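In this note's numbering, the protein residues as written are 2 to 348. Backbone N, C-alpha and C define an ideal beta-carbon position, used for all residues, glycine too. Everything numeric in this text was worked out from a predicted model, so none of it was measured.
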Amino acid sequence: MIDLRSDTLTQPTEAMREAMYKAEVGDDGRTNPNGVGEDPTVYALETFASNLTGKEAALFCNSGTMANYISLLSYCKRGDKVLLSRKSHIFRSEKAPFMKGLFGLIPVFYEENNYGIPDLNSIEQIIDSEDIKVICLENTHNYYGGTCIPLDTLQEISLLAIKKAIPLFMDGARIFNASVALNNSLKELCMPVDSLTFCLSKGLGASVGSLVCGKSTFINKARSVRKLLGGNMRQSGIIAAAGIEALQNYRVRLMEDHRKTRMLAEKLRLNSLVTIDLNKVQTNIITVDFSQSGIKSNQIEKDLFRRGLAVKRMDESCIRLTMYADINKRQISEAAEILNKYIFEIS
Ligand SMILES: *Cc1c(COP(=O)(O)O)cnc(C)c1O
């Protein structure tokens, strides 16, 4: 089976396993007089993350979902309005922030183009007329196929947010992919936002964890929200150690994923029924659109699985292929062959 469902499928490297074995640990659920957790390895990871993103502080969390929840709850209380993308992971997959019985926040959506780039006029209009407590961005944008929001757009949105004194938050689960694809440093891409989250457990290859990064006051708040949500971990330096390892050589790592993604896209033989928007293949994700074939994506998912290729359905008629470290060139050729045969059969 060639499994291209997600980059969360990465296996930890030998170096990560070794770092985990050797990690010096402490009780991260307790804070020392400086207000930071008592696990030295977690603290080292948090310091590494805040330096990389150019923020004052960072907080290690068990998942990206948890990190996003903590961020939103650090800015908002029940009934507050959150401005975000209709197709954002937070709204479509995580849901809890907007469930009445859970966090009870109110979603407001900005317009965006086909690549998930937010429309500036739409944001400006909304924040002029409504009481928005936080603006959320997603970079790269998962549901649009791993597309990047470029630096100048981030800066323009930041100016709008500053004018209204509204915090700007970025779900940067794959911000490292954006940094590599856009050829901007991580710091540059994080500068326009007040806070962000990123995942260690996707293309970076670690097994567990995400970080929230932002101002010290915000991270202190986030630390107390993490505890409230049951997100405090104890000797979590065990897993943080793999995260530190993952952040060492991410640029080379992810450039390789992007190169392999383009290699796969180029091997596919498409037609008028099965298409790819190559402009969307910017990072490690390929979205294949079967809408003209009339076959539904849950059927396609099953058909391909039976042929030895696991993919993820994104909506009614699109599937997603995601590249990551453990996929080699032979598997890329095989995946392309399986897909090409299938496309030929259904056409
Ligand atoms: C994967 C992902 C998350 C959530 O991360 P988990 O660690 O799986 O909870 C959040 N946002 C985006 C855009 C993602 O792709």
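Threshold first: 3 residues or longer. Then list the beta strand (DSSP E) segments lying entirely within the stretch 57 to 130, N to C. 58 to 62, 82 to 85, 107 to 110
Spatial neighbours of proline 108 in its chain, beta-carbon cut-off 7 Å, leaving aside the 5 residues before and after: Val83, Leu85, Phe92, Phe99
3-residue-minimum beta strand (DSSP E) runs that sit fully inside the stretch 160 to 207, ordered along the chain: 169 to 172, 196 to 200
Just to confirm, are aspartate 290 and serine 318 a CB contact at a threshold of 8 Å? yes
Unbroken alpha helix (DSSP H) run spanning threonine 218, endpoints: 217 to 229
Is it buried or exposed, aspartate 327, if we count other Cβ atoms within 10 angstroms and call 16 or more buried? exposed
Cβ separation of alanine 247 and alanine 182, assumed to be a contact under 8 Å, to the nearest whole Å: Between alanine 182 and alanine 247 the Cβ distance is about 18 Å, and since that is not below 8 Å, they are no contact.
Closest to glycine 105 by CA distance: which of Asp81, Cys149, Leu121 is it? Asp81
Comparing the CB of glycine 65 with every heavy atom of ligand 1, is any distance shorter than 7 Å? yes
Taking buried to mean at least 16 other C-beta atoms within 10 Å of its own C-beta, is asparagine 63 buried or exposed? buried
Could you give the distance in angstroms between the alpha-carbon of isoleucine 240 and the alpha-carbon of glycine 55? 23 Å
Helix, strand or coil for alanine 50? Go by DSSP, reduced to three states. helix
Just checking my contact of valine 26 with threonine 42 at CB under 8 Å: how many whole Å lie between their CB atoms? 6 Å
Bridge partner(s) assigned by DSSP for lysine 313: Arg321
Aspartate 290 bridges to which residues according to DSSP? Thr276, Cys319
Nearest-angstrom Cα separation, counted from arginine 314 out to serine 186: 32 Å
Using the three-state DSSP reduction, which class does threonine 154 fall into: helix, strand or coil? helix
Give me the residue from Leu340, Asn233, Cys137 with the minimum Cα distance to leucine 310. Leu340
Cβ-based burial, methionine 171 [other Cβ within 10 Å; buried from 16]: buried
Between tyrosine 251 and phenylalanine 177, what straight-line distance do the alpha-carbon atoms span, to the nearest angstrom? 8 Å
Can you look up lysine 134 in the DSSP assignment and give me helix, strand or coil? strand
Tell me which same chain residues have a C-beta within less than 8 Å of the C-beta of valine 275, skipping the five on either side of it? Val289, Asp290, Phe291, Gln293, Ser294, Ile344, Ile347, Ser348
Skipping 5 residues on each side, what residues in its chain have a beta carbon closer than 7 Å to that of alanine 50? Ala59, Leu212, Cys214
If isoleucine 150 and asparagine 140 are in contact, beta carbons under 8 Å, what's the gap, nearest whole angstrom? 5 Å
Who are the Cβ neighbours of proline 13 in its own chain at under 8 Å, not counting the five residues just before and after it? Met21, Gly206, Ala207, Ser208, Ala243
Beta-carbon gap between leucine 190 and serine 202 smaller than 8 Å: no
If we ignore side chains and look at the alpha-carbon of each, how far apart do valine 312 and leucine 255 end up? 20 Å
Examine ligand 1 and report whether any of its heavy atoms sits within less than 7 Å of the Cβ of alanine 179. no
Quick one: residues in its chain with C-beta nearer than 7 Å to the C-beta of arginine 235, no 5 flanking neighbours on either side, listed in chain order? Asp28, Asp29, Gly30
Confirm the yes/no value for this check: CB of asparagine 1, any heavy atom of ligand 1, distance under 7 Å. One cannot answer for residue 1 here, as it falls past the ends of the chain, which runs 2 to 348.
For alanine 68 versus threonine 198, is the C-beta spacing smaller than 8 Å? yes
Look up isoleucine 3 in the DSSP assignment and say whether it is helix, strand or coil. strand
Does ligand 1 have even one heavy atom less than 7 Å from the beta-carbon of lysine 203? yes
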